[in-house]
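Asks: Residue numbers (the numbering used here): 3 to 731.
1. Okay, do the region 151–162 and the region 97–105 touch, 3+ Cβ pairs below 8 Å being the bar?
2. Residue 471 by DSSP, collapsed to three states: which one?
3. Roughly how far, in whole angstroms, is the beta-carbon of residue 679 from the beta-carbon of residue 718, given that I think they are within contact range, below 8 Å?
4. Report yes if the C-beta distance between residue 28 and residue 62 is below 8 Å; otherwise report no.
5. Please report the residue range of the alpha helix (DSSP H) in which residue 134 lies.
6. My guess is that residue 66 and residue 167 are in contact by the Cβ rule of under 8 Å, so how many angstroms apart are they, rounded?
7. Quick check on the DSSP output: the beta strand (DSSP E) that includes residue 103 runs from which residue to which?
8. Spell out the partners DSSP gives residue 90 in its beta bridges.
9. Can you give me the C-alpha to C-alpha distance between residue 275 and residue 292, rounded to a whole angstrom?
10. Any idea what DSSP makes of residue 716, helix, strand or coil?
11. Using the beta-carbon count (16 or more within 10 Å), is residue 308 buried or exposed?
12. Check the C-beta distance from residue 90 over to residue 172 and give it rounded, since I have them as a contact under 8 Å.
13. Does the structure place the region 122–140 close enough to the region 78–89 that three or more beta carbon pairs sit under 8 Å?
14. Rounding to the nearest angstrom, what Cα-Cα distance links residue 491 and residue 346 in this structure?
15. Label residue 707 either buried or exposed according to how many other C-beta atoms from any shown protein chain fall within 10 Å of its C-beta, with 16 as the threshold for buried.
16. Measure the C-alpha to C-alpha separation of residue 672 and residue 349 and round it to an integer number of angstroms.
17. Please report how far the alpha carbon of residue 92 lies from the alpha carbon of residue 170, in whole angstroms.
18. Quick check: the Cα distance between residue 5 and residue 97, rounded to an integer number of angstroms?
19. Can the beta-carbon of residue 682 be found closer than 8 Å to that of residue 357?
20. What's the call for residue 202, buried or exposed, on a 16-neighbour Cβ count within 10 Å?
21. Among 181, 208, 210, which one has its Cα closest to the Cα of residue 196?
22. Nearest CA to the CA of residue 70: which residue from 262, 174, 316, 248?
23. Measuring CB to CB, does residue 84 end up less than 8 Å from residue 179?
24. Does the distance from the CB of residue 99 to the CB of residue 109 come in under 8 Å?
25. Just the Cα atoms here: how many angstroms apart are residue 311 and residue 287?
26. DSSP three-state call for residue 247: helix, strand or coil?
27. What separation, rounded to the nearest whole angstrom, lies between the Cα atoms of residue 387 and residue 689?
28. What does a CB cutoff of less than 6 Å around residue 128 pick up in its chain, not counting 5 residues either side in sequence?
29. Below 6 Å CB to CB, which residues in the same chain sit around residue 82 once its five sequence neighbours on both sides are set aside?
30. With 16 as the cutoff for other CB atoms within 10 Å, does residue 710 come out buried or exposed?
31. Check the C-beta distance from residue 361 over to residue 686 and give it rounded, since I have them as a contact under 8 Å.
32. Mapping DSSP to helix, strand and coil, what is residue 83?
33. If residue 154 and residue 137 are in contact, beta carbons under 8 Å, what's the gap, nearest whole angstrom?
34. Give me, in chain order, the residues of the same chain whose beta-carbon lies closer than 8 Å to that of residue 701; leave out the 5 immediate sequence neighbours on both sides.
35. Quick check: what's the CA-CA separation for residue 351 versus residue 336?
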C-alpha cells in the first residue's frame, strides 16, 4: 500500500514536471523526438520529456518599428514635393501554430521578437511601401487624406510577412522638407522647388492683397470719421467765437467810456502836479548849485594841499631809496674785493699745481730724451692734456664768477627799474584820482583842468625818475663791468698778451668815451628834467587859460539833455586817454633813443667784426667791450700785475730778459740745465733751489706774470738768449 502511494506521488510529480504551459503573450516550441511542435498560450500546453525534447519560448507581443525619411532622403510626393515623414509600424508574430513554426525555423525563437531583428527584416520593405504610397498622393493630400494614405501603406505591405502580422501603422510626423535641404541639381527636387516657390509666392501675393485691402478700408473709415469730427468742431468754434466777439464788443465799449472819464480826471491831476513840481525843482536846483560851488571850492583847496604833501613824501621816499641803493652798491663792491682776492689765491694755487705737473713731465722728457723720441712726444702730449684740464678748471671758475657778477648787475638794474616803475605807478594813481573826481563832478571843465595839471606834474616826475634811472644804470654798468672783467680775465689768461697788444689802446678809448657819454647822459637827464619842468609850466599856463573856457563850456553843458552830456563826457575821456598814451610812448622813445646814442658814441672808434644776427650781434659787441675793459681794469687795479710790471718790465722791453738772466745766473744754471725747460718749468726749478722768502716772492710774481701773458710754455732758452760761453762754464 505504501509503495502504491509512493508510486502515485512520484507519477504526479513527474507529470507536473513534464507538462509545460505559458501565457497568451508567449508560445512554446518543442523540438526533438517526435518532430517540431508549437503551441501558443491560447491553445493549451505541451508535454516535454527531458533528454528527448528541447523547449523554447517565443514572444508574441506587438513590436514598434519606426521608419524616418527626412532631408534629401525625404518622401517624394506625386507633385514632386519632398516631405519629411516619420511612420510607426506595429508588428508581431502570428499566433497560429503553422506561422510560429515557420518563424522558429527561419529566425529562431530567441531572435524572432527582438526589435533589431524586426528592423533588419522589414525596414527595406516598409520604406519601399512608404515610397510607393507617397508617390500616389500630392503633398497637400497627405494632410487632407491621411487615413487613405495610411490604408494604402498597409495594403501595399500586404499580409504575407513570413509568419509575422502587421497590426497597424501611424503617421507620427509629417512636414515639408526645408528648401535649403533640397538639391537644385536633382530634377525631382528642382521641380518641387519650382512648385513650392509658385505656391508660396501666390499665397504671399494673396496675403499682401488682403492686408492692403484691410489697411485701405481702415484708413478710409478713419478719414471719414475725422471729416465728420472736424466739421462738428468747426461749427462749435464758430459759435463760440461769435459769442465771444459780441461779448468783447460790449465790454470794449464800456471800458472805453470808463477810460475816457479816468484819463480826463488824471489829466487834471497831472497838470496840477507838474505845476507844483516845477516850482519845487527850480528851488531845488538853486539850492544844489550853491552846494556844488561850495563843495568844489573845498575840493580844490584840499587837492592842492594833498598834492603838495604827496610830492614831499615822494621826494623823501626817492632820496631814501637812493641812499639804500648807494649803500648796497658799496657793500657789493666790498664783497667783490674779497671774492677777487679769493680767486687770486685760487688762481695762484692752480698755476703752481700746473707748473709742478709740467716740471715733472719736463724731467721725464729730459730723462727719456736720448732713449726714445716717441716716448718724449707722448709725455709732451700728456703734459699738454693735463695743462688743458687745469685751464678748463680755471675757465669754469671764471664763468661762475662772471655769472655771479652779472646777477649782481642785474639786481642793481632791477632796483633802478623798480624806482622808475614806482614813479609810473604814482603817475597812474594821480591820473585815477583825477578821473574819480571828474566822474563825481558835473562841471567837466574843472575836472579837465585838474587832469591837465596832474599830467604836467607827472611829466615832471617822469623826467626826475628818468634821471635817477640813468644814474643808477651807469653805476650798475660800471659795477657789472668791473665784476665781469675780473671773471673773464681769469678765463682768458691764455689770450692776455694779444688782448694787451691789440685791445689796450682801444679799450682805453672806449672806457673814456663811455665815461664821457655817461656824464653827458647825466647832464642830458638834468636838461631833460629842466626841459620837462619848463614844458610843464608852459602847459600849465596854457591849460589854465583853457580851463576858463572849459568852465564856461561846462556851464553850457548843464543846459544839455542827458544824451548830449554823455556824448561830451565821452569825447573828453577819449582825448584824455589819448594824450596820456602819447606821453608814455614819447617817454619810452626818448629813453630808447638816448640809450642808442650812448652805445653808438661808445663804439664809434671801435673796430668790430660782426658775427651773428639779431641779439647775437649786440651781445658780441658788449662781450668785446667787456673783454677790453677787463684787461685794462686788470692792469690798473691788480697790485700783483702792477708789481710785476714795475719789477720785470720797467718800461724797457729787454728788462724782462735781463731780469730772468740775472736770476738764472744767481742760481748758476747752465744752458744744458735750461734748454729742455719751459719758462714756467725754469721758474719752478729756481723756486726749489732758493730758501730766501724775498726771492721766492719775486719768482712767484714772475710766474704769475708769464702765465697771464701766455708765455709760460715758451722755451726758456729762447727767452733768455744766453751765450754759448755760459754752456762751457
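Yeah, the Cβ is synthetic: ideal placement off N, Cα and C, and Gly gets one too.
Replies: So, from the listed chains and residues:
1. no
2. Caution applies to residue 471, whose pLDDT of 46 falls short of 50 and renders its modelled position unreliable; the value that the coordinates give is listed next. DSSP places residue 471 in helix when its eight states are reduced to three.
3. 5 Å
4. yes
5. 117–136
6. Incorrect: roughly 14 Å between the Cβ atoms, too far for contact.
7. Unbroken run through residue 103 is the alpha helix (DSSP H), 99–108; no beta strand (DSSP E).
8. 68, 172
9. 26 Å
10. coil
11. exposed
12. 5 Å
13. yes
14. Low confidence applies to residue 491: its pLDDT is 43, below 50, so where it sits in the model is not reliable, and the reading given next is rough at best. Roughly 11 Å between the two C-alpha positions.
15. buried
16. 31 Å
17. 5 Å
18. 44 Å
19. yes
20. exposed
21. 181
22. 174
23. yes
24. no
25. 36 Å
26. helix
27. 24 Å
28. 69, 91
29. 190, 193, 194
30. buried
31. 5 Å
32. coil
33. No, residue 154 and residue 137 are not in contact; Cβ-Cβ is about 10 Å, not under 8 Å.
34. 665, 685, 688, 689, 692
35. 23 Å
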